[in-house]
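J.: Listed in order, the protein sequences are those of chains L and R. In our numbering, each number is its position in the first sequence, counted from 1, plus 307. In our numbering, each number is its position in the second sequence, counted from 1, plus 307. By construction, the Cβ of each residue, glycine as well, lies at the ideal position given by its N, Cα and C atoms. Take a look at this one; I'll ask things after.
Number of protein chains: 2
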Amino acid sequence: MSRRAAPRPDAADEELAALAKALAHPARVRVLRLLARRGDGCIGCDIVADLELAQSTVSEHLRVLKAAGLIEGAVDGPRVCYRLRRAGLARLKGLVAAL
Amino acid sequence: MSRRAAPRPDAADEELAALAKALAHPARVRVLRLLARRGDGCIGCDIVADLELAQSTVSEHLRVLKAAGLIEGAVDGPRVCYRLRRAGLARLKGLVAAL
DNA sequence: CCGCTATATCGTCATTCGACGATTGCCGAA
DNA sequence: TTCGGCAATCGTCGAATGACGATATAGCGG
Chain L
308 MSRRAAPRPD AADEELAALA KALAHPARVR VLRLLARRGD GCIGCDIVAD
358 LELAQSTVSE HLRVLKAAGL IEGAVDGPRV CYRLRRAGLA RLKGLVAAL
Chain R
308 MSRRAAPRPD AADEELAALA KALAHPARVR VLRLLARRGD GCIGCDIVAD
358 LELAQSTVSE HLRVLKAAGL IEGAVDGPRV CYRLRRAGLA RLKGLVAAL
């Protein structure tokens with residue numbers, strides 16, 4: 308029996324891998340650090356100015372971070388106010404610390 | 308001068324991104340968990356048996372983890388004994404916790 | 001009402017990743 | 001010394017990433 312050693316996708320592994328993938332790019336790490344510094348304050352296009360990448364590229368990185376639940380963006384008039392998502396960050400820290 | 312806002316590659320960002328990239332795959336996370344369970348004990352081809360992937364694929368994942376400094380392998384006769392690299396793991400935890 | 005500025009999205013292109021099978025290289029055991 | 005199992009490497013293929021410019025879109029400020 309035991310047709311297979313049980314694929315056991317293990318949700319925790321997938322979750323950590325997904326979070327890690329969001330972190331797996333210097334530009335995205337930098338965005339997190341940037342937002343962390345301006346704790347309450349939130350940034351908009353300043354992120355584009357800080358990273359040295361095209362606006363569309365930065366937008367894509369922000370999308371990835373948002374999809375991973377590490378940041379969130381609130382529409383504030385014509386601009387968007389990004390800030391860290393404590394919950395997501397905490398989840399990441401917890402999973403990594405458990406290694 | 309300040310021709311530009313200084314590309315400031317920021318070594319820490321690159322380092323964290325590189326470590327995160329090594330974690331950015333469920334199979335690699337699983338390998339770390341596997342090695343963590345068998346603290347002192349080390350595994351060889353058992354890893355191939357546990358993951359449900361071809362031997363060459365597993366070998367590649369192990370190579371990535373080793374390159375990132377998260378594991379190390381000691382040749383033991385015809386087989387290789389893998390174990391966690393505490394230092395690398397600690398480095399990762401430290402960088403993530405600092406976020 | 002018009003145009004500006006800040007974002008998001010689309011399409012494209014080059015590069016990297018992930019997975020496999022096949023091959024090669026290495027010991028240790030028979 | 002020949003056999004057999006373990007591990008690394010090579011070559012290939014398809015899918016995903018990352019970067020960019022060109023477009024949309026949405027409100028504010030004049």
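Can you name the start and end residues of the beta strand (DSSP E) that L:Ala-381 belongs to?
T.: It spans 378–383 - the beta strand (DSSP E) in which L:Ala-381 sits, taken as one unbroken run.
J.: Determine whether the Cβ of L:His-332 lies closer than 8 Å to any Cβ atom of chain R.
T.: So yes, L:His-332 belongs to the interface.
J.: Tell me where the beta strand (DSSP E) around R:Arg-386 begins and ends.
T.: Per DSSP, R:Arg-386 belongs to the beta strand (DSSP E) from 386–391.
J.: Compare the C-alpha of L:Val-371 against each of L:Ala-327, L:Arg-345, L:Asp-320, L:Cys-349 and name the closest.
T.: The residue with the shortest Cα to Cα distance from L:Val-371 is L:Ala-327.
J.: Check whether chain L comes within 8 Å of R:Ala-375, counting only Cβ atoms and requiring the distance to be less than that.
T.: By this cut-off, R:Ala-375 is not an interface position.
J.: R:Ala-375 to R:Ala-329, Cα distance in whole Å?
T.: Going by the C-alpha atoms only, they are around 6 Å apart.
J.: Which partner residues of L:Ile-354 appear in the DSSP bridge assignment?
T.: In DSSP, L:Ile-354 forms no bridge with anything.
J.: Between the region 337–356 of chain R and chain L, which residues of the former have CB atoms less than 8 Å from a CB of the latter, in chain order?
T.: Result list: Arg-337, Leu-339, Arg-340, Ala-343, Ala-356.
J.: Within the 8 Å Cβ cut-off, does L:Glu-379 reach chain R?
T.: Answer no: the Cβ-Cβ gap between L:Glu-379 and chain R never drops below 8 Å.
J.: Between the Cα of R:Cys-349 and those of R:Arg-392, R:Asp-320, R:Leu-360, spot the shortest distance and give me the residue it belongs to.
T.: The candidate whose alpha carbon is nearest that of R:Cys-349 is R:Arg-392.
J.: Run through chain L and tell me which residues come within less than 7 Å of R:Leu-396, C-beta to C-beta.
T.: What R:Leu-396 touches in chain L: Leu-406.
J.: Could you check which residue in L:Gly-351, L:Ile-378, L:Gly-401 has the C-alpha nearest to that of L:Gly-384?
T.: Per the Cα distances, L:Gly-351.
J.: Helix, strand or coil, according to DSSP, for R:Leu-402 in the structure here?
T.: Of the three classes helix, strand and coil, the one that applies to R:Leu-402 here is helix, per DSSP.
J.: Strictly below 7 Å CB to CB, what residues from chain L border R:Val-365?
T.: In chain order: nothing, as chain L lies at least about 13 Å away.
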